[in-house]
Amino acid sequence: MAKFTKEDALRYHEGKRPGKIEVIPTKPHSTQLDLSLAYSPGVAEPCLEIEADPNNVYKYTAKGNLVAVISNGTAILGLGDLGAEAGKPVMEGKGLLFKIFADIDVFDIEVDSKNVDEFVKIVKGIAPTFGGINLEDIKAPECFEIEDRLKKELDIPIMHDDQHGTAIISAAGLLNAVDLQKKKLSDIKIVVNGAGASAVACTRLYIALGVKKKNIIMLDSKGVIHKSRTDLSTIKKEFATSVNVKTLEDAVEGADMFLGLSVANVLKPSMVNSMADKPIVFALANPNPEIAYELAMKTRKDLVMATGRSDHPNQVNNVLGFPFIFRGALDVKATGINEEMKIAAVKALAALAKEDVPDIVNTAYHEMNLTYGKDYIIPKPLDPRLLTVVAPAVAKAAMDSGVAKAPIHDWEAYKNQLEKRLGRDNKLLRALTDKAKRNPKRVVFAEGANFKVLKAAQTVLHEGIAIPILLGNPDYIKKLIDENDLDLDGVSIINWRAAEERVRREEYAKILFRKRNRKGLTYSEAVDKMTNRNYFGAMMVETGEADAFISGSTSKYADTIRPAIQTVGIKSDINHIAGMYLLMTKQGPIFFSDTTVNPRPDAQTLVDTTLLTAEAVRKFNIEPVIAMVSYSNFGSIREGSPVRVQQAVEQLHHEHPELIVDGDIQMNFALNPELRTKMFPFSKLGWRKVNTIIFPNLSSGNIAYKMMQEIGGAEAIGPILLGMNKSIHIVPLESSVREIVNMVTIAVVDAQ
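Note that full-length UniProt numbering numbers the sequence shown so that position 657 is 657, with each residue one more than the last.
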């Protein structure tokens, strides 16, 4: 768990602008016309449309993406009843999480009332404003009645997250825990320590999933909830047992699972030892669990454990659920959140934990290789796949159970829409991935002894993108695979320096000697070069023993590109190479070239680079709209690099009139069609959106793509090497697994 001081927390919430959320306009508001449309008199038109058809409120207002987070502050975190105003920081925090994880807007509402009737009346009165309502930090038993009444009396999604959020996430963990422990839900005996809102919701959901009610023992602060007790509320009577036990110590003996939603340190090591073989302990009290994680794991080696803390494996964190559950419910205009939708979320979360974990998640949590197992039974909160996995599952369950007013018909389009919400619209990359999967190719990974390369190889193998061939010492690579629990069964591993590869090295050397003997290369030098993995791997592609080659993760760019040029060679029609980056931005994909090869291009080099880039962009099924940029606009400066750009544009217009290209032009005009058309109406670019940028030199191109990556938040894919005879691609030094996978995908498509 992250460490901070009281002062840190207070400074964070105060900051330059107190609080954690704000309201931002979504429509233009700079002119008098804008204001007239936003308010009076223009606002009358949507008002009349909604009056004629109330469903139009979703069309003309923010209701469909607006959730109320409502509390009376009677059960704030672990702090208890601090009142409505003291609960506001928590509600703002909930609003922040809704926004950053699922792009859902939130108004937090603190109701100063402990009276159930009054609270329900207030919420019902403001409900027309919202597409959904998240109830929060309301004490039991009032929270049960409030939620039940509002669900019956309103036709929008309503969920008390303290109950159902914990239930859904812990239930997902339970499904995987029993799977790992080789047990059945219908057979396990569960002890629930705590009888508050979360405990009740968890128990009910576990029963809905298949746990037998007779196999559950629940305890409150007075001990076992037994049928002989006369002080039980209606809800507690629901879980009363007739089993002859009175204390927690009695109850856990022989139990398969302990679920703690109570107080710290009540579960003793002796109690854990008394549980059944291969026990499950979910100690979810916060901030300190019912038994310390280290103590529990020391006590039992056959234990699967979860807590509510982020500094231990298997954190049961509600943020895994509520943003995505409401997202799915809102997107189909569900009239409620029912049991089917909750179970769909449970199963989606459990299934996701069994999938290969993206490198971005491993990096975020400082892990080498998270894999499904005792220390990873539920996904991590920062897993970017949660939105596109859980929300669709919930939406589909709403449709199947008959509570969806706006069913989804195109699920692929819906997932694309979800990606766009958080600026992760990778439609182009998905299309390339699909294309690669239709005809996967053999890809040589030069740096097969590197962990990230191995993880990338596993990913492309499992996803059917490519057939990996690894270069490296087989014993060392197999050791790395075993140590990191990777799955690369059947993948070819070639030790290019081994004695058994001598004949192949000599054959490759003969080919290289024939190519380079008039350029000063001797046969013995060619043989020596074949002990270099980059020469050997590229020659595998040249001879047809592989289809594509990937290197660069641990090598300098020049040391990788030189062997490729000498073995595979450059296309003869242009006799030129260049490096291009594909940048995935919130505005869509954009191509930058040249970013890696030509330091000080002359006009002809710029022409060749443009032609190679246009050809490459078309391979992505995109018609290139090319701006050749500089610090000048259409000849406004007649010296230095702008002159070379001007000369290149003139040549391209003359020799390739079909190409949509223009310049020289400054970057702001290139990217802003309205500004460009106003100032330069003669431009061949017209109103088109520029998707390709040709830079006047290597420095500007390299600086630009790295700036876009670091400051602009763009995902950079490349460098994509242009002009080679065969599919040879070089990843940047110290690339992430995701970057390597992306480049392999492009390499496969290139090889196709």
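Glycine residues also receive a C-beta, built at the ideal position from the N, C-alpha and C atoms.
Given the structure is predicted, the values throughout are model-derived calculations rather than measurements.
When DSSP labels each residue in this structure, what does residue i get in the three-state scheme?
i, result
"tyrosine 372", "coil"
"arginine 600", "coil"
"proline 41", "coil"
"valine 661", "strand"
"histidine 409", "coil"
"serine 700", "helix"
"threonine 74", "coil"
"lysine 441", "strand"
"threonine 363", "helix"
"proline 157", "coil"
"residue 793", "Outside the modelled stretch of the chain, which goes from 1 to 752, sits residue 793, for which no answer is possible."
"glycine 93", "helix"
"valine 625", "strand"
"glutamine 587", "coil"
"valine 57", "helix"
"alanine 2", "Low confidence applies here, because alanine 2 scores a pLDDT of 49, under 50, leaving its location unreliable and the question unanswered by this model."
"methionine 275", "coil"
"isoleucine 188", "coil"
"glutamine 315", "strand"
"tyrosine 631", "coil"
"phenylalanine 592", "strand"
"glutamate 734", "coil"
"alanine 255", "coil"
"isoleucine 260", "The residue you asked about is not isoleucine; residue 260 is glycine in the sequence shown. Strand."
"isoleucine 100", "helix"
"alanine 334", "strand"
"isoleucine 377", "coil"
"tyrosine 12", "helix"
"asparagine 193", "strand"
"isoleucine 570", "strand"
Sort out for me which residues DSSP pairs residue i with in a bridge.
i, result
"residue 765", "Residue 765 is absent from the model: the chain starts at 1 and stops at 752."
"glycine 464", "Answer is none; glycine 464 lacks a bridge partner."
"valine 67", "Val106, Gly132"
"serine 727", "Ala548"
"valine 224", "Leu219"
"alanine 80", "It should be noted that the sequence gives glycine, not alanine, for residue 80. Answer is Ile76."
"leucine 722", "Ala578"
"isoleucine 717", "Leu582"
"valine 281", "Phe258, Met305"
"leucine 471", "Ile494"
"alanine 404", "Ala334"
"isoleucine 169", "Beta-bridge pairing links isoleucine 169 to no other residue."
Applying the 10 Å Cβ sphere with the 16-neighbour rule, what's the burial state of residue i?
i, result
"lysine 537", "It is worth fixing the name first, because residue 537 is glycine in this sequence and not lysine. Buried."
"glutamate 147", "buried"
"tryptophan 411", "exposed"
"methionine 1", "Low local confidence applies: a pLDDT of 46 at methionine 1 is under 50, so the model's placement there is unreliable, and no value is given."
"tyrosine 508", "buried"
"valine 43", "exposed"
"isoleucine 225", "buried"
"residue 753", "Residue 753 is absent from the structure shown; the chain starts at 1 and stops at 752."
"cysteine 47", "exposed"
"threonine 203", "buried"
"methionine 580", "buried"
"alanine 52", "exposed"
"valine 731", "buried"
"histidine 653", "exposed"
"glutamine 587", "exposed"
"leucine 387", "buried"
Contact criterion: CB-CB distance below 7 Å. Does residue i meet it with respect to chain B?
i, result
"phenylalanine 620", "In the displayed structure, chain B is absent; only one protein chain is listed."
Would you be able to state if there are at least three C-beta pairs under 8 Å between the stretch 277 to 293 and the stretch 170 to 185?
-> yes
Three or more C-beta pairs below 8 Å linking the stretch 704 to 724 and the stretch 647 to 659 = no
The stretch 193 to 210 contacting the stretch 132 to 150, beta-carbon criterion three pairs below 8 Å | yes
Any 3 or more C-beta pairs closer than 8 Å across the stretch 346 to 353 and the stretch 400 to 414 | no
Could you tell me whether the stretch 542 to 556 touches the stretch 571 to 582, using the rule of 3 or more Cβ pairs below 8 Å?
-> Counting Cβ pairs under 8 Å, fewer than three are found: no touch.
Tell me, please, whether the stretch 688 to 696 touches the stretch 717 to 729 by the rule of three or more beta-carbon pairs shorter than 8 Å.
-> no
Any beta strand (DSSP E) of 3 or more consecutive residues that is wholly inside the stretch 480 to 535 = 492 to 494
Counting Cβ pairs, one atom from each stretch, are 3 or more of them under 8 Å apart for the stretch 464 to 471 and the stretch 484 to 492?
-> yes
With contact counted as at least three CB pairs below 8 Å, one residue from each stretch, are the stretch 355 to 369 and the stretch 447 to 459 in contact?
-> With a cut-off of 8 Å, the stretch 447 to 459 and the stretch 355 to 369 count as touching, because enough Cβ pairs lie within range.
Three or more C-beta pairs below 8 Å linking the stretch 330 to 347 and the stretch 106 to 122 | no
Stretch pair the stretch 258 to 266 + the stretch 233 to 242: three plus CB contacts closer than 8 Å = no
Segment contact, 8 Å Cβ cut-off, at least three pairs: the stretch 304 to 323 with the stretch 373 to 391 = At 8 Å Cβ cutoff, the stretches touch.
Touch test, the stretch 549 to 562 against the stretch 727 to 744, Cβ-Cβ under 8 Å, three pairs minimum = yes
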